[in-house]
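Trainee:
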Ligand SMILES: Cc1ncc(COP(=O)(O)O)c(C=O)c1O
């Protein structure tokens, strides 16, 4: 009898964490490494949020809470959805989890049966397919290439739906491409969903606040109110408020689903960290100026990185609407050989040679389901970004 679960054979460890770990190891060994792999803001958590956590500790708010969140945080989330998204939920329709990741995982665990299909536009956040597999479902990746700015078309969605489809996972702005759907583009997708009442939509709005230029963020239940009863609107404080380590995510959705998710959580992690929940109350209810300040910094970095990468030979880098990622194509580098003698046949070859020969760590496109490309996280200083992009330019210039 095998000791390890057969379910484990279906999934792979997170490649983004693997790249970050390798870069850290090289750094520890004395190499000059610039990590562009990590998916978290380089800013510190704002002081008012830290102060709320300290106050919670001092007030003795350090015990278990209800499994899916304290009433004060649920109310803050209800208010946030009403204020920012025009969505009306009651606190009974809100679930708080240990990060957005656990919210998505709970929802999949609560709903998937063997053979149920989940449509995932590719390139996708690395965890979606593996979470679906862990929950016993079947991920159905739909390749959305550079020609549609990495966005799924209504025709692609229509073609991917089968009688077994349970969910569409929708992520805008996207990790890894930064692509954001306009309200009109999203309406094209929700119109398709309206024709297929058995398909639910899990909207991962984690990068809602990181949108640039004149782009306006919208979410499915807002664009098509008739989808409200089969939409789980997921979000969290990690990216917007620089709170990745605090581990608070949340969702609004139909009460029956929220109750099922609570059951999973109550038998796995119990409640999310009590202190972090109080910090999240302050993040959502407190001053929001931090968000606008961050946007300015990230937009400047996006423009810097897109311009410099487009100057590199063999690279084409579209300008995304949001998040803190770009997803350049390296089609023009495939088949070449690096100065260090590495044959570049895949994007994994490219990123390994880039790391070994220049010390720049990026995540290869195959990890996100669309090649040949790589993901750059520009959540690091302008100086580091300028240096990293110069190294990428030099690396590409020496490919033969
Ligand atoms: C698209 C997307 N969704 C969800 C998450 C999970 O965020 P967290 O669990 O830190 O709240 C991430 C983190 O990288 C992400 O990129």
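Residue numbers (the UniProt record's numbering): 1 to 400. Ideal Cβ placement from N, Cα and C applies to all residues, glycine included. Keep in mind the model is a prediction, meaning the values are calculated, not measured.
(1) Helix or strand or just coil, what does DSSP make of residue 337?
(2) Under 7 Å from any heavy atom of ligand 1, does the C-beta of residue 101 make it?
(3) Apart from the five residues on each side of it in sequence, which residues of its chain come closer than 6 Å, Cβ to Cβ, to residue 95?
(4) Enumerate in chain order the residues of its own chain whose CB-to-CB distance from residue 133 is below 8 Å, with the five nearest sequence positions on each side excluded.
(5) Contact between the segment 110-124 and the segment 366-385: three or more CB pairs below 8 Å?
(6) Which runs of the alpha helix (DSSP H), 4 residues or longer, sit entirely within the segment 163-195?
(7) Using a Cβ-Cβ cutoff of less than 7 Å, which residues in the same chain neighbour residue 322 once the five nearest sequence positions on both sides are dropped?
(8) Starting from residue 285, follow its DSSP beta bridges and name the residues at the other end.
(9) Give me, in chain order, the residues of the same chain whose beta-carbon lies closer than 6 Å to that of residue 77; leave out the 5 immediate sequence neighbours on both sides.
(10) Would you identify the three-state DSSP class for residue 63, choosing helix, strand or coil?
(11) Give me whichever residues DSSP pairs with residue 316 in a beta bridge.
(12) If we ignore side chains and look at the alpha-carbon of each, how far apart do residue 263 and residue 108 end up?
(13) Run the proximity test for residue 130: is its beta-carbon closer than 7 Å to any non-hydrogen atom belonging to ligand 1?
(14) State the beta-bridge partners of residue 129 as determined by DSSP.
(15) Is any non-hydrogen atom of ligand 1 found closer than 7 Å to the C-beta of residue 271, if you look at the structure I gave you?
(16) Going along the chain, which unbroken runs of the alpha helix (DSSP H) with 4 or more residues stay wholly within the segment 202-288?
(17) Tell me where the alpha helix (DSSP H) around residue 28 begins and ends.
(18) Taking 8 Å as the cut-off, decide whether the C-beta atoms of residue 253 and residue 284 are in contact.
(19) I'd like the span of the beta strand (DSSP E) that includes residue 154, first residue to last.
(20) Just reading off the alpha helix (DSSP H) that residue 10 is part of, what are its end residues?
(21) Would you mind stating whether residue 157 and residue 112 have Cβ atoms separated by less than 8 Å?
(22) Spatial neighbours of residue 33 within its chain, please: CB distance less than 7 Å, with the 5 preceding and 5 following residues excluded, ordered by chain position.
(23) Since residue 78 is in the alpha helix (DSSP H), which residue starts that stretch and which ends it?
(24) At a cut-off of 7 Å, would you count residue 202 as near ligand 1, judging by its Cβ distance to the nearest heavy atom?
(25) DSSP state of residue 138, grouped into three classes?
(26) CA-CA distance, residue 150 and residue 144?
(27) Is it buried or exposed, residue 88, if we count other Cβ atoms within 10 angstroms and call 16 or more buried?
(28) What does the alpha-carbon distance come out to for the pair residue 192 and residue 154?
(29) Check each candidate in 60, 80, 397, 309 and name the one with the smallest Cα separation from residue 234.
(30) My output table needs one value for residue 147: the three-state DSSP class, helix, strand or coil.
(31) In the DSSP assignment, find the unbroken beta strand (DSSP E) run with residue 3 in it and report its ends.
(32) Under a three-way DSSP split, which group does residue 348 fall into?
(33) Please confirm whether residue 71 and residue 90 have their CB atoms less than 8 Å apart.
(34) When DSSP labels each residue in this structure, what does residue 306 get in the three-state scheme?
(35) Examine the Cβ distances between the segment 370-382 and the segment 316-330 and report whether three or more of them are shorter than 8 Å.
(36) Classify residue 102: buried if its beta carbon has 16 or more other beta carbons within 10 angstroms, exposed otherwise.
Mentor: Inspection of the coordinates gives the following:
(1) In the chain shown, the residue the question calls residue 337 occupies position 337. It is a strand residue.
(2) As a working mapping, residue 101 is identified with position 101 in the chain shown. Answer for residue 101: yes, Cβ within range of ligand 1.
(3) Within the chain shown, numbered from 1, the residue matching residue 95 stands at position 95. So the qualifying residues of the chain are 68, 251, 258, 261.
(4) For the purposes of this step, residue 133 is taken as residue 133 along the chain shown, with counting starting at 1. These residues qualify, in order along the chain: 7, 10, 11, 139.
(5) yes
(6) 183-194
(7) To locate residue 322, count along the chain shown from 1; it is residue 322. Here the set comprises 173, 178, 180, 207, 210, 211, 212, 215.
(8) Position 285 of the chain shown holds residue 285. In DSSP, residue 285 forms no bridge with anything.
(9) As a working note, residue 77 is residue 77 in the chain shown. Within the same chain, residue 77 has close Cβ partners 94, 250.
(10) By 1-based counting over the chain shown, the position of residue 63 is 63. Coil.
(11) Taking the chain shown and counting its residues from 1, the one referred to as residue 316 is at position 316. DSSP, once it has assigned bridges, lists 329 as partnering residue 316.
(12) Along the chain shown, read from residue 1 onward, the residue named residue 263 stands at position 263. Along the chain shown, read from residue 1 onward, the residue named residue 108 stands at position 108. Near 13 Å, if we compare the C-alpha coordinates of residue 108 and residue 263.
(13) Start at 1 with the first residue of the chain shown, and residue 130 comes out as number 130. No, Cβ of residue 130 sits at least 7 Å from all heavy atoms of ligand 1.
(14) By 1-based counting over the chain shown, the position of residue 129 is 129. According to DSSP, which records beta bridges pairwise, residue 129 is partnered with nothing at all.
(15) Along the chain shown, read from residue 1 onward, the residue named residue 271 stands at position 271. No, the Cβ of residue 271 stays beyond 7 Å of every heavy atom of ligand 1.
(16) 220-223, 255-266, 274-285
(17) Reading the chain shown from its first residue, position 28 is the one you call residue 28. Note, residue 28: alpha helix (DSSP H), 15-28.
(18) Position 253 of the chain shown, counted from the first residue, corresponds to residue 253. Position 284 of the chain shown, counted from the first residue, corresponds to residue 284. No, Cβ-Cβ distance for residue 253 and residue 284 is not below 8 Å.
(19) Mapped onto the chain shown, residue 154 falls at position 154. No beta strand (DSSP E) holds residue 154; the alpha helix (DSSP H) holding it covers 154-160.
(20) Working through the chain shown from its first residue, we reach residue 10 at position 10. First-last for residue 10: undefined, no H or E at that position.
(21) Residue 157 sits at position 157 when you count from the first residue of the chain shown. Residue 112 sits at position 112 when you count from the first residue of the chain shown. No, they are not a contact pair.
(22) Translated into positions along the chain shown, residue 33 becomes position 33. The answer, listed in chain order, is 23, 26, 27, 359, 361.
(23) Counting from one through the chain shown, the residue named residue 78 turns up at place 78. It spans 71-85 - the alpha helix (DSSP H) in which residue 78 sits, taken as one unbroken run.
(24) Sequence index remark: in the chain shown, residue 202 carries index 202 (1-based). No - ligand 1 has no heavy atom lying nearer than 7 Å to the Cβ of residue 202.
(25) For the purposes of this step, residue 138 is taken as residue 138 along the chain shown, with counting starting at 1. Correct three-state label for residue 138: strand.
(26) As a working mapping, residue 150 is identified with position 150 in the chain shown. As a working mapping, residue 144 is identified with position 144 in the chain shown. Between residue 150 and residue 144, the C-alpha separation is close to 5 Å.
(27) Counting from 1 along the chain shown, the entry for residue 88 is found at position 88. The residue in question, residue 88, is exposed, as its Cβ has fewer than 16 Cβ neighbours within 10 Å.
(28) The count along the chain shown starts at 1 and reaches residue 192 at position 192. The count along the chain shown starts at 1 and reaches residue 154 at position 154. Approximately 6 Å between the Cα atoms of the pair.
(29) Position 234 of the chain shown holds residue 234. Considering only alpha carbons, the answer is 80.
(30) Position 147 of the chain shown, counted from the start, is the residue given in the question as residue 147. Helix, per DSSP.
(31) What you label residue 3 is simply residue 3 of the chain shown in a count that begins at 1. That residue, residue 3, is in no beta strand (DSSP E); it is neither H nor E in DSSP.
(32) As a working note, residue 348 is residue 348 in the chain shown. Looking at residue 348 - three-state DSSP - the assignment turns out to be helix.
(33) In the chain shown, counting from the first residue as 1, residue 71 sits at position 71. In the chain shown, counting from the first residue as 1, residue 90 sits at position 90. Taking 8 Å as the Cβ cut-off, residue 71 and residue 90 do not qualify as a contacting pair.
(34) To locate residue 306, count along the chain shown from 1; it is residue 306. Note: residue 306 maps to helix in three-state DSSP.
(35) yes
(36) What you label residue 102 is simply residue 102 of the chain shown in a count that begins at 1. It counts as buried.
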